[in-house]
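Here the structure comes first, spelled out in structure tokens, and everything after it is commentary.
2 protein chains.
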Amino acid sequence: MPKLDPSLLSPLPPFSRLPRDQISQILDHATAKRFDAGVAIFDEGDAADRFFLLLDGYVRVVRLTPAGEQVIALHIPSGQLFGIAKALQRTTYPATAMTAVESVVLCWPSRLWDGFVTNYDGFATETYKTVGDRLGEMHNRIAEMATLHVEQRIANALLRLINQTGRKTEHGIEIDFPITRQDISEMTGTTLHTVSRLLSAWQKDGIVESRRKHIVVKDPHRLVILTDS
Amino acid sequence: MPKLDPSLLSPLPPFSRLPRDQISQILDHATAKRFDAGVAIFDEGDAADRFFLLLDGYVRVVRLTPAGEQVIALHIPSGQLFGIAKALQRTTYPATAMTAVESVVLCWPSRLWDGFVTNYDGFATETYKTVGDRLGEMHNRIAEMATLHVEQRIANALLRLINQTGRKTEHGIEIDFPITRQDISEMTGTTLHTVSRLLSAWQKDGIVESRRKHIVVKDPHRLVILTDS
DNA sequence: AATTTTGTTTGTGCAAGATCAAAGAACGGG
DNA sequence: CCCGTTCTTTGATCTTGCACAAACAAAATT
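Residue numbers (full-length UniProt numbering), protein chains in the order written: chain H, 1 to 229; chain Z, 1 to 229.
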């Protein structure tokens with residue numbers, strides 16, 4: 001195992017106030033792992049014996065319904081912790097984490113969690129903040145699904161994606177990881193057919209441009225307008 | 001202000017392992033308040049300067065959409081903490097809390113939160129557990145809204161309600177606080193018209209029985225069946 | 001280069017449920 | 001007891017978006 005460099009963690013909020021030697025300690029307990037795109041890092045129901053930090057890539061938190069349909073609950077951008085079931089006193093993961101692209105994660109055994117919380121200043125604070133943010137996001141999504149129409153939900157989903165992962169190009173803002181219409185349908189609770197139709201229509205109107213697994217938003221403002229009408 | 005009795009808190013998980021004198025201390029900082037049915041205890045966006053324990057009654061966590069529609073996100077049964085924005089590092093409440101019936105709450109200033117967490121054993125653990133449970137519940141609701149039909153969602157909502165607040169009667173299990181079809185529609189993301197039609201049909205089939213603001217589930221098992229079909 | 005797999009587009013018919021409209025029933029306060 | 005308010009029911013109509021189906025296109029595999 002190559003020695004990991006403290007500079008990996010020092011820019012990240014939960015560790016940002018820690019001295020170099022403490023970060024080195026933390027890294028000594030971590031193992032780095034690489035995952036191919038589209039594989040499960042852990043599955044719903046597994047014993048939650050590890051927690052993770054996404055160093056690079058992109059991870060989706062996914063849930064399978066009894067009928068076997070997937071629902072995408074959350075997107076984890078790199079730099080965030082995930083799988084922190086221990087923080088909420090869970091013994092088992094409540095959902096599956098899948099890589100959207102090739103990804104690199106650090107992982108620690110869950111039994112170290114309590115030590116992290118007590119020993120490292122700001123760690124608990126920052127992680128509970130992200131829990132709070134996620135809870136708020138889910139709040140939003142429930143309200144959205146309850147009141148908005150498919151078109152508005154898809155517009156919202158695209159806006160959220162370009163805010164999180166948008167990369168500016170000459171033609172507009174591009175979602176910088178591969179995403180299929182199926183994925184978008186799983187985020188918005190509709191079918192891939194409907195998503196496809198809608199994106200086609202928007203492309204005709206010059207709002208977006210898409211190739212296979214690839215979406216560029218040319219006119220975000222028009223999407224915002226679709227959001228509340 | 002009449003002296004509050006420690007026996008109020010001692011059966012509740014966050015305080016259950018604490019000695020009597022510590023509970024007395026905690027109560028010395030609390031103020032009890034009574035609220036009429038249907039009023040807001042705090043509003044979305046208010047500064048989160050207090051946290052609450054529901055002693056008696058029933059509270060709904062509600063969110064207003066930009067278009068002015070209400071969405072009911074959560075139900076708080078008595079005995080639970082709520083408005084604990086501080087635990088997730090929020091300075092402002094992310095939703096509105098409304099009483100469903102006349103209710104009694106204890107409230108503490110948020111600045112005491114950190115002291116509670118560090119001084120009282122098990123307090124942090126138990127409260128983060130309920131946060132985890134709520135997050136899990138919201139997870140479920142998102143998946144539900146994304147994949148299930150109105151009929152199934154309403155069946156689920158009723159089942160959840162009778163599990164939380166069911167009171168057994170000779171005719172079946174009764175939801176023991178007043179609930180309108182409008183309420184149910186706000187929990188399930190549909191219209192009160194659809195809820196009304198569906199309840200009427202179920203009443204005809206002998207699954208439920210309802211009067212104004214009042215629902216008795218006569219045959220929970222048939223509801224479970226509706227859930228996955 | 002041929003073949004399979006995976007992702008996308010598009011058309012058509014249909015059904016679930018939203019919307020509009022109106023009236024009836026239960027309750028609460030004067 | 002009456003009246004206004006709130007809650008519920010029911011019918012008629014209309015829209016949305018789902019199901020099914022078939023074809024196409026791009027990538028991956030051989």
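Even glycine gets a Cβ: it sits at the ideal position worked out from N, Cα and C. Keep in mind it's a predicted model, so treat the numbers as computed, not measured.
Where Gln-164/H falls, given that 16 or more other Cβ within 10 Å makes a residue buried: exposed
Residues that Arg-181/Z contacts on chain H, provided the C-beta gap is smaller than 8 Å: Those do not exist, as Arg-181/Z stays about 15 Å from chain H at its closest Cβ, beyond 8 Å.
Residue range of the unbroken beta strand (DSSP E) whose run includes Gly-166/H: 166-168
Among Leu-198/Z, Val-104/Z and Val-216/Z, nearest to Lys-168/Z - alpha-carbon criterion: Val-216/Z
DSSP-derived helix/strand/coil call for Val-39/Z: coil
Nonlocal neighbours in the same chain, by C-beta distance under 7 Å from Gln-182/H, ignoring five residues either side: Leu-192
Environment of Val-224/H [buried if 16+ CB atoms lie within 10 Å]: exposed
Cα-Cα separation, Gly-38/Z to Thr-99/Z: 5 Å
Cβ of Asp-228/Z within 8 Å of any chain H Cβ: yes
Residues within the region 106-129 of chain Z neighbouring chain H, beta-carbon criterion of under 7 Å: Thr-125, Tyr-128 and Lys-129
Selection from Arg-134/H, Leu-112/H, Leu-9/H and Leu-199/H that minimises the alpha carbon distance to Ala-48/H: Leu-112/H
Terminal residues of the alpha helix (DSSP H) in which Arg-90/H lies: Per DSSP, Arg-90/H belongs to no alpha helix (DSSP H) and is neither H nor E.
Any chain H beta carbon closer than 8 Å to Gly-189/Z: yes
Contact test: Ile-26/Z Cβ vs the ligand ZN heavy atom, cutoff 7 Å: Of the ligands one can find in the structure shown there are none, so the ligand ZN has no counterpart to examine.
Coil, strand or helix - Ala-73/H by DSSP: strand
Val-131/H beta carbon less than 8 Å from that of Gly-57/H: no
Every unbroken beta strand (DSSP E) within the region 148-226 of chain Z, with a cutoff of 3 residues, ordered by chain: 166-168, 173-175, 208-211 and 214-217
First and last residue of the uninterrupted beta strand (DSSP E) at Val-56/Z: Checking the sequence, you will find Asp at residue 56/Z rather than Val. Note, Asp-56/Z: beta strand (DSSP E), 50-56.
Partner residues on chain Z for Leu-135/H, Cβ-Cβ distance less than 8 Å: At a beta-carbon threshold of 8 Å, the residues of chain Z lying near Leu-135/H are Leu-88, Pro-94, Val-131, Arg-134, Leu-135 and Met-138, ordered along the chain.
Interface partners of Arg-63/H on chain Z, CB under 7 Å: His-139 and Ala-143
Test: Thr-147/Z CB closer than 8 Å to a CB of chain H: yes
Same chain only: Cβ atoms within 7 Å of Glu-144/Z, ignoring 5 sequence neighbours per side: Arg-153 and Asn-156
Identity of the residues DSSP links to residue 230/H by a beta bridge: Residue 230/H lies beyond the residue range present for chain H, which begins at 1 and ends at 229; the question has no answer from this structure.
Assumed close pair Thr-59/H, Ala-95/H - CB separation to whole angstroms, cut-off 8 Å: Just to set this straight, residue 59/H is Val in the shown sequence, not Thr. The Cβ separation is near 11 Å, so there is no contact.
Segment limits, alpha helix (DSSP H) that includes Thr-118/Z: 113-119
Three-way DSSP call (helix, strand, coil) for Thr-65/Z in this model: coil
Residues that Ala-67/Z contacts on chain H, provided the C-beta gap is smaller than 8 Å: Thr-147 and Asp-228
Beta strand (DSSP E) segment containing Ala-97/Z, residue limits: 96-99
Residue-level contact to chain Z via CB, Ala-40/H, 8 Å cutoff: no
Buried versus exposed, by CB contacts within 10 Å (16 or more), Glu-174/H: buried
7 Å Cβ shell around Arg-17/Z - same chain, five flanking residues per side excluded: Within the same chain, Arg-17/Z has close Cβ partners Asp-121 and Gly-122.
Secondary structure of Leu-135/H, DSSP reduced to three states: helix
Cross-chain neighbours of Ala-73/H in chain Z, by beta carbon under 7 Å: His-139 and Ile-142
Coil, strand or helix - Arg-141/H by DSSP: Of the three classes helix, strand and coil, the one that applies to Arg-141/H here is helix, per DSSP.
DSSP state of Leu-8/H mapped onto helix, strand, coil: helix
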